[in-house]
Amino acid sequence: MHLRGTFVHTPRLGDLEILHDYLLVTDSSGVITHFQAASSPESQLVLHSSDLIIVPNGSFIIPNFVDLHLHAPQFLYQGNGLHLPLMQWLNEYAFKAEERLDGDPALARKVYSRLARRLILNGTGTVLLFGTIKEDTNLILAEVMQAFGIRAFVGKLSMDISSRPSYVEPSAEDSLKAAQSFITKCRDLTSTFPVHERLVEPVVTPRFVPTCSDELLVGLGKLSAAEDVKIQSHLAEAHDQVEYVRNERGVEDIQVFARSGLMTTRTIQAHCTFLDPPSLQQVHSCGTAIAHCPLSNSYFSAEPFRLREALDTGVKIGLGTDIAGGYSLDLMNAMRQAVSVSRMRQGSKIMTGAAAEKSLAIDWKESLYLATKGGANALGLVSGVFGVGSPFDAQQICLFDSHGSGIGALDFFDLESPGVHDHSITVEMLEKWWCIGDSRIEQVYGYR
Ligand code: GUN
Ligand code: FE
């Protein structure tokens, strides 16, 4: 594919690049082989290719969003029950919904298909998913994501302790066998495909410390290392959860994960809200990544995540919607919430210029990095940015229609410059789109 137009990405935290009139070329496996100004001599050599696509004036290409934490079965009751504290909410909503899908494969397929469609509509192309306990339901989830062209890391839940007697695995041994079996079958789903078309991967998924015995956690640590698969869980999320682990286990959950071999470079831990700076440093030294879920934190955590301090340690961080602990699956909302929460942390002392580097607040450009390259980094992917060697996982956003009129939030710019039809994308337009634009995605590129 040859694509010419405006590209926007964040190659480093806080750095936004708007690249006007660039030419991007991919090979047959969707990997970028050329990315330069259209006027460069190298671009001129390939510019007249017969498959050249021109991105319309007023539209731009941006990497797909990466959702680093989403519970697929909880999509069923997205937006309900958020009046409860976490441990009660899990019992009264989450476990029930998950159990329902495990007993109804037809419903699971419908819910997962709708979820996939909505993810695409909202520009999410890569997602790290929690599923349910039952193998077959997770295989449906993996199949659906693959069929819809979403890069999905799929976690069959491991839990041998539960407050719901009908929603639990019978023993640590059974749970470990089931986790191993899911890894094999999930890989089998795509084993005959060429490597670049294998979009789904299994993930070892101890739900969280309260639902996993030490024996199970240690076994999962070994399994993940032996099979070289990623690990995901919830860490230091909520008051009631942190208290529960202290009472039941006598230690902090980070210690339980660490001694079980589950704090690795392949691990992504959701939340980490209650981690103090030394513990954040520990997460960084382990090479473990964090899925920051600001909306869900506002409901369940009672305290904000120390985002700036975590970024300063250099730990890998992306954004998660945490459906249905968070009610919105749109990463645009997660970005806005991450900024809002960080500004409340900073308080009235909003800093500008060089002093801003010491601010606890993040800005919209930093949030865009977290939603794209930050999330991709956390998953060990080289996507989230445009460059030679990266898969072209991207979306095309339209800010102005074919008559040059601004649409949605952008109609303001028509008034500013009436009669001007050269709507070359500016940083002010992008800022406005980030704040109040909707997801007008014209096209998703990369994998269909
Ligand atoms: N901790 C353990 N399970 C869950 C879950 O399903 N959602 C959230 N937000 N936290 C959890
Ligand atoms: Fe969660």
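Heads up, the sequence shown is in the UniProt record's numbering, so the first residue is 1 and it goes up one at a time. In this text, a Cβ means the ideal position worked out from N, Cα and C, and glycines have one as well.
Hey, which unbroken runs of the alpha helix (DSSP H) at 4 residues or more fall wholly within the segment 259 to 304?
277 to 286 and 294 to 300
A355: buried (16+ other C-beta within 10 angstroms of its C-beta) or exposed?
In the sequence shown, counting from the first residue as 1, residue 355 sits at position 355. With fewer than 16 other Cβ atoms within 10 Å, it is exposed.
Where do the N-terminal and C-terminal ends of the alpha helix (DSSP H) with Q146 fall, by residue?
Along the sequence shown, read from residue 1 onward, the residue named residue 146 stands at position 146. Residues E135 to F148.
Residue of D51, Y22, F60 and P56 minimising C-alpha distance to E42:
Working through the sequence shown from its first residue, we reach residue 42 at position 42. The candidate whose alpha carbon is nearest that of E42 is Y22.
Comparing the CB of A238 with every heavy atom of the ligand FE, is any distance shorter than 7 Å?
By 1-based counting over the sequence shown, the position of residue 238 is 238. A distance criterion of 7 Å places the beta-carbon of A238 beyond contact range of the ligand FE, judged by its closest non-hydrogen atom.
Tell me whether residue 451, by its Cβ, gets closer than 7 Å to a heavy atom of the ligand FE.
With the chain covering only 1 through 448, there is no way to say anything about residue 451.
How about L90: is its Cβ closer than 7 Å to a heavy atom in the ligand GUN?
Position 90 of the sequence shown, counting from 1, holds the residue named residue 90. Under cutoff, so the answer is yes.
For the alpha helix (DSSP H) containing R336, name the first residue and the last one.
The sequence position of residue 336 within the sequence shown is 336, counting from 1. Per DSSP, R336 belongs to the alpha helix (DSSP H) from L331 to Q346.
Could you pull the DSSP bridge partners for V31 from this structure?
Against the sequence shown, residue 31 aligns to sequence position 31. BP columns for V31 point to P391.
Span separating the alpha-carbon of A142 from that of F148:
As a first step, residue 142 must be located in the sequence shown, where it is residue number 142. As a first step, residue 148 must be located in the sequence shown, where it is residue number 148. When rounded, the distance between both Cα atoms is 10 Å.
What residues come near the ligand FE, if near means a beta carbon less than 6 Å from any of its heavy atoms?
H69, H71, H234, A270, D322 and G325
Identified DSSP bridge partners for R12:
The residue given as residue 12 occupies position 12 in the sequence shown. Answer is D15.
With respect to the beta strand (DSSP E) encompassing K230, which residues constitute its N-terminal and C-terminal limits?
The sequence position of residue 230 within the sequence shown is 230, counting from 1. Note, K230: beta strand (DSSP E), K230 to L235.
Only counting the same chain, and skipping five residues up and downstream in sequence, which positions put a Cβ closer than 6 Å to that of E98?
The sequence position of residue 98 within the sequence shown is 98, counting from 1. Excluding positions up to five away in sequence, the list reads P73 and T132.
Comparing the CB of S163 with every heavy atom of the ligand GUN, is any distance shorter than 7 Å?
Locating residue 163 in the sequence shown gives position 163, counting from the first residue. No, Cβ of S163 sits at least 7 Å from all heavy atoms of the ligand GUN.
Looking at S158: is its Cβ nearer than 8 Å to the Cβ of R207?
In the sequence shown, counting from the first residue as 1, residue 158 sits at position 158. In the sequence shown, counting from the first residue as 1, residue 207 sits at position 207. Yes; because the gap between Cβ atoms is below 8 Å, this pair is in contact.
Integer-rounded CB distance, given that A291 should sit under 8 Å from L13
Numbered from its first residue, the sequence shown carries residue 13 at position 13. Numbered from its first residue, the sequence shown carries residue 291 at position 291. With a Cβ gap of about 16 Å, L13 and A291 do not count as contacting.
I'd like to confirm something about L86: is its beta-carbon nearer than 7 Å to some heavy atom of the ligand GUN, or not?
Translated into positions along the sequence shown, residue 86 becomes position 86. Yes, Cβ of L86 sits closer than 7 Å to a heavy atom of the ligand GUN.
Output the distance between the C-alpha atoms of Y112 and M145, rounded to the nearest integer angstrom.
In the sequence shown, counting from the first residue as 1, residue 112 sits at position 112. In the sequence shown, counting from the first residue as 1, residue 145 sits at position 145. One C-alpha to the other measures close to 8 Å.
Put G221 into one of helix, strand or coil per three-state DSSP.
Within the sequence shown, the letter at position 221 stands for residue 221. DSSP places G221 in helix when its eight states are reduced to three.
If I measure Cβ to Cβ from I32 and keep anything under 8 Å in the same chain, skipping five residues before and after, which residues do I get?
Counted from its first residue, the sequence shown places residue 32 at position 32. Excluding positions up to five away in sequence, the list reads L24, V25, T26, F386, G387, V388, G389, S390, P391 and F392.
Taking 7 Å as the cut-off, is the C-beta of R4 nearer than that to any heavy atom in the ligand GUN?
Mapped onto the sequence shown, residue 4 falls at position 4. The answer is no for R4.
How would you label F7, buried or exposed, when you count the other beta carbons within 10 angstroms and need 16 or more for buried?
Working through the sequence shown from its first residue, we reach residue 7 at position 7. By the 10 Å Cβ count, F7 comes out buried.
Taking the straight line between their C-alpha atoms, what separation do you get for G314 and P277?
For this step, residue 314 is matched to residue 314 along the sequence shown. For this step, residue 277 is matched to residue 277 along the sequence shown. When rounded, the distance between both Cα atoms is 12 Å.
Can you list, in chain order, the residues of its chain whose CB lies under 6 Å from that of V218, leaving out five sequence neighbours each side?
Taking the sequence shown and counting its residues from 1, the one referred to as residue 218 is at position 218. Excluding residues within five positions, the ones whose Cβ falls inside 6 Å are S260.
So, using beta-carbon positions, are Q346 and A324 closer together than 8 Å?
Here residue 346 corresponds to residue number 346 of the sequence shown, with the count starting at 1. Here residue 324 corresponds to residue number 324 of the sequence shown, with the count starting at 1. No, these two residues do not count as a Cβ contact at 8 Å.
Please tell me whether L128 and I18 are closer than 8 Å, where the distance is taken between their beta carbons.
Taking the first residue of the sequence shown as position 1, residue 128 is located at position 128. Taking the first residue of the sequence shown as position 1, residue 18 is located at position 18. The answer is no: Cβ separation not under 8 Å.
Taking one C-beta from the segment 70 to 89 and one from the segment 41 to 55 each time, how about it: are there three or more such pairs within less than 8 Å?
no
Which residue or residues does DSSP assign as beta-bridge partners of K156?
Here residue 156 is taken as the residue at index 156 of the sequence shown, counted from 1. Paired residues: V204.
At a cut-off of 7 Å, is A310 close to the ligand GUN when judged by its beta-carbon and the heavy atoms of the ligand?
Numbered from its first residue, the sequence shown carries residue 310 at position 310. Checking every heavy atom of the ligand GUN against the Cβ of A310, none is found closer than 7 Å.
What beta strand (DSSP E) runs, 3 residues minimum, are completely inside the segment 61 to 142?
For secondary structure counted as the beta strand (DSSP E) over 3 or more consecutive residues, the segment 61 to 142 holds these complete runs in sequence order: 65 to 71 and 124 to 130.
Excluding sequence positions up to five away, which residues of its chain have a Cβ less than 7 Å from the Cβ of I183?
Here residue 183 refers to the residue found at position 183 when the sequence shown is read from its first residue. Result list for I183: P202, E227 and V229, in chain order.
Please decide whether D253 counts as near chain B, where near means a Cβ-Cβ distance under 8 Å.
Judged by its chain identifiers, the structure shown contains no chain B, having just a single protein chain.
Rounded distance between the beta-carbons of Q337 and N64, thought under 8 Å:
Position 64 of the sequence shown, counting from 1, holds the residue named residue 64. Position 337 of the sequence shown, counting from 1, holds the residue named residue 337. So it is not a contact: roughly 19 Å between Cβ atoms.
According to DSSP, what are the bridge partners of H2?
Here residue 2 refers to the residue found at position 2 when the sequence shown is read from its first residue. DSSP, once it has assigned bridges, lists V25 and L52 as partnering H2.
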